[in-house]
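Trainee: Please read through the structure below; I'll follow up with questions.
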Ligand SMILES: [Cu+2]
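In this note's numbering, the protein residues as written are 1 to 505.
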């Protein structure tokens, strides 16, 4: 089970910076003893060892059999320093092969990217693999298994890269990892996938969650983006937002009836790092009675913008500042689009006698819902490429040759062509979604910018939500040679063909 430090969760900035200087490699690991991997019996020296293994975890008082990293749910938070090399050894104690992917890290070391069959052979049961890389960017990331349906078990954890020079001013931070949960409660993810393959998507759909009262509006007050429109449709039951009916929605491994607590003081600036680690669920996330000042998307800085709620596709991350106010704290709520239930954590005010509202109490609806379309990217030092940009069709579709098969650019992963891109070539991927299902599209090793009609620099993203029947184009420059995955981050779609091999050489 989780250590006390992990459960309490809230490291103050001062504490984690101090911890950051303690490890031999400048590595701070939330809730972990430093240096545990240096015992003489270890076969390979590493700064940190992860042990994926079958575990029993407690979720709101019930014992659940699942797979975790080292017994915790989520796994141990890993904190790295920007620009500092790290060696992480993974000892596979699972009964199946596994790998670890460091999601969103634009690592130059292709063999550390963790895609089985593409960047490494999967780690066999009883085997080990040493991941060595240097995180180039600071920010909010996460790591997870990239093998089979293992992400929809408990094999995920936050990965925070601390800036070499932090410019954001805040007093305290909390990491909030969202997850949809069924493993050990309603079968296993593998059984769900089998059901989808044999019966198709009609099975297992949840009925729509209760709408938060009124439809969401746009952040700028103008025309709502397609993401806002989809969120409103999903809440009204007019569109499917997932394939699987997950019985539980968790924040940091906790259900609403035993919520994760974020302890804060009135008036301080709190940095909330949100990670959507769900396999099949898009969330609308908000803190009741508080505005969110969004500062980062997918780890990287954006022009700060104020909203009431965030639309978070699977594998997206957002950082937002809040200033706690009011009496008795507030609930942090993630409403799963098109599904029942909600995920809840508590913002708990120090020196307050009033209580936070009960997890299932009615929700005061947020108004403005922020999507990537509302963000302006911060200028990075990257050069804007000149000359022609090659456009590549990456249409998102169902492949009709089997009941549950998803394709990108007309091909499913099995036997597909490599997409060959020359080093430093400027390219545009066009994600034309020809399905009634949203797809969060993720590219490894690079970030891209969504193409905009209006002015303003789009934010850099590594994962972008493409809503039903929408077309989103993204521009990027292939400046990182290697074999990279492009895939939908719906774990079920991904496993059912929705991945391509991008070769940059
Ligand atoms: Cu998908």
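From the three backbone atoms N, C-alpha and C, an ideal C-beta is built for every residue, glycine too.
Please read all numbers here as calculations on a predicted model, not as lab measurements.
What separation, rounded to the nearest whole angstrom, lies between the Cα atoms of residue 106 and residue 156?
Mentor: Cα to Cα, the separation comes out at about 18 Å.
Trainee: Would you report the Cα separation of residue 305 and residue 293, rounded to the nearest angstrom?
Mentor: Distance between the alpha carbons of residue 305 and residue 293: 6 Å.
Trainee: For residue 58, which of helix, strand or coil comes out of DSSP?
Mentor: Correct three-state label for residue 58: strand.
Trainee: What I want to know is whether the C-beta of residue 439 ends up closer than 7 Å to one or more non-hydrogen atoms of ligand 1.
Mentor: Within the cutoff, so yes.
Trainee: Residue 463 and residue 489 - do their beta-carbons sit closer together than 8 Å?
Mentor: Going by C-beta atoms, residue 489 is nearer than 8 Å to residue 463.
Trainee: From the DSSP output, in three-state form, read off residue 388 for me.
Mentor: Correct three-state label for residue 388: coil.
Trainee: For residue 244, which three-state DSSP category applies?
Mentor: Reduced to three states, the DSSP call for residue 244 is coil.
Trainee: Taking the straight line between their C-alpha atoms, what separation do you get for residue 103 and residue 240?
Mentor: When rounded, the distance between both Cα atoms is 26 Å.
Trainee: Which residues does DSSP pair with residue 72 in a beta bridge?
Mentor: Partner(s): 69.
Trainee: If you draw a straight line from the alpha carbon of residue 344 to that of residue 467, how long is it in whole angstroms?
Mentor: If you take the alpha carbons of residue 344 and residue 467, they lie about 25 Å apart.
Trainee: Would the stretch 231-247 count as touching the stretch 336-350 if we require 3 or more Cβ pairs under 8 Å?
Mentor: Counting Cβ pairs under 8 Å, three or more are found: they touch.
Trainee: On the premise that residue 275 lies in contact with residue 459, defined as a C-beta separation below 8 Å, what is that separation, rounded to the nearest angstrom?
Mentor: That belief does not hold up - the Cβ atoms of residue 459 and residue 275 are roughly 17 Å apart, past 8 Å.
Trainee: For a quick check, are the C-beta atoms of residue 311 and residue 284 less than 8 Å apart?
Mentor: Yes; because the gap between Cβ atoms is below 8 Å, this pair is in contact.
Trainee: Considering only heavy atoms of ligand 1, does any lie closer than 7 Å to the CB of residue 346?
Mentor: No; taking the cut-off as 7 Å, the Cβ of residue 346 has no heavy atom of ligand 1 nearer than that.
Trainee: Buried or exposed: residue 478, going by 16 or more other Cβ atoms within 10 Å of its Cβ?
Mentor: Its Cβ being crowded by 16 or more others within 10 Å, residue 478 is buried.
Trainee: Applying the criterion that 16 or more other CB atoms from any shown protein chain within 10 Å of the CB defines a buried residue, is residue 393 buried or exposed?
Mentor: Flag for residue 393 reads exposed.
Trainee: Pop quiz: residue 297 and residue 375 are said to be a contact at Cβ under 8 Å. What is the actual Cβ separation, rounded to whole angstroms?
Mentor: Indeed, because the Cβ distance is near 6 Å, the residues count as touching under 8 Å.
Trainee: Per DSSP, what kind of secondary structure is residue 21 in: helix, strand or coil?
Mentor: Because the pLDDT of residue 21 is 33, which lies under 50, any placement of that residue in the model is unreliable, and the question is left without a value.
Trainee: Contact check, residue 411 vs residue 500 under 8 Å by CB: the rounded distance?
Mentor: Confirmed, Cβ separation roughly 7 Å.
Trainee: Alpha carbons only, please: which of 145, 197 and 56 is nearest the one belonging to residue 403?
Mentor: It is 197 whose Cα lies nearest to the Cα of residue 403.
Trainee: Is residue 101 near residue 91, with beta carbons less than 8 Å apart?
Mentor: Contact flag unset, no.
Trainee: If you check the beta carbons only, do residue 59 and residue 253 fall under 8 Å apart?
Mentor: Yes, they are a contact pair.
Trainee: Is residue 490 near ligand 1, with its Cβ less than 7 Å from a heavy atom?
Mentor: Checking the Cβ of residue 490 against ligand 1 gives yes.
Trainee: Indicate, with yes or no, if ligand 1 has a heavy atom lying under 7 Å from the CB of residue 493.
Mentor: Within the cutoff, so yes.
Trainee: How many Å lie between residue 93 and residue 154 at the Cα?
Mentor: Taking the straight line from one Cα to the other gives about 14 Å.
Trainee: Comparing the CB of residue 469 with every heavy atom of ligand 1, is any distance shorter than 7 Å?
Mentor: It does not: the Cβ of residue 469 is nowhere closer than 7 Å to a heavy atom of ligand 1.
Trainee: Looking only at its chain, what residues have a beta carbon closer than 7 Å to the beta carbon of residue 480, apart from the 5 residues adjacent to it on each side?
Mentor: Correct list, in chain order: 106, 108, 445, 446 and 504.
Trainee: What number of angstroms, rounded off, separates the C-alpha of residue 510 from the C-alpha of residue 258?
Mentor: Outside the shown range of the chain (1 to 505) lies residue 510, about which nothing can therefore be said.
Trainee: State the start and end residues of the unbroken beta strand (DSSP E) segment that holds residue 90.
Mentor: Counting along the chain, the beta strand (DSSP E) containing residue 90 begins and ends at 86-91.
Trainee: Given that a residue counts as buried once 16 or more other Cβ atoms are within 10 Å of its Cβ, and exposed if not, what is residue 391?
Mentor: Exposed, because fewer than 16 other Cβ atoms sit within 10 Å of the Cβ of residue 391.
Trainee: Go to residue 195, then tell me how far its alpha helix (DSSP H) extends in each direction, as first and last residue.
Mentor: Start and end: 189-199.
Trainee: Provide the residue(s) that pair with residue 356 in DSSP beta bridges, ordered along the chain.
Mentor: Looking at the DSSP assignment, residue 356 forms no beta bridge with any residue, so it has no partner.
Trainee: Is it buried or exposed for residue 417, if we count other Cβ within 10 angstroms and need 16 for buried?
Mentor: That one is exposed.
Trainee: List the endpoints of the continuous beta strand (DSSP E) containing residue 482.
Mentor: Residue 482 -> beta strand (DSSP E) spans 482-488.
Trainee: Give me the DSSP bridge partner(s) of residue 346.
Mentor: In the DSSP output, where bridge partners are listed per residue, residue 346 has 261 and 331.
Trainee: Cβ-heavy atom distance between residue 499 and ligand 1 below 7 Å?
Mentor: Checking every heavy atom of ligand 1 against the Cβ of residue 499, none is found closer than 7 Å.
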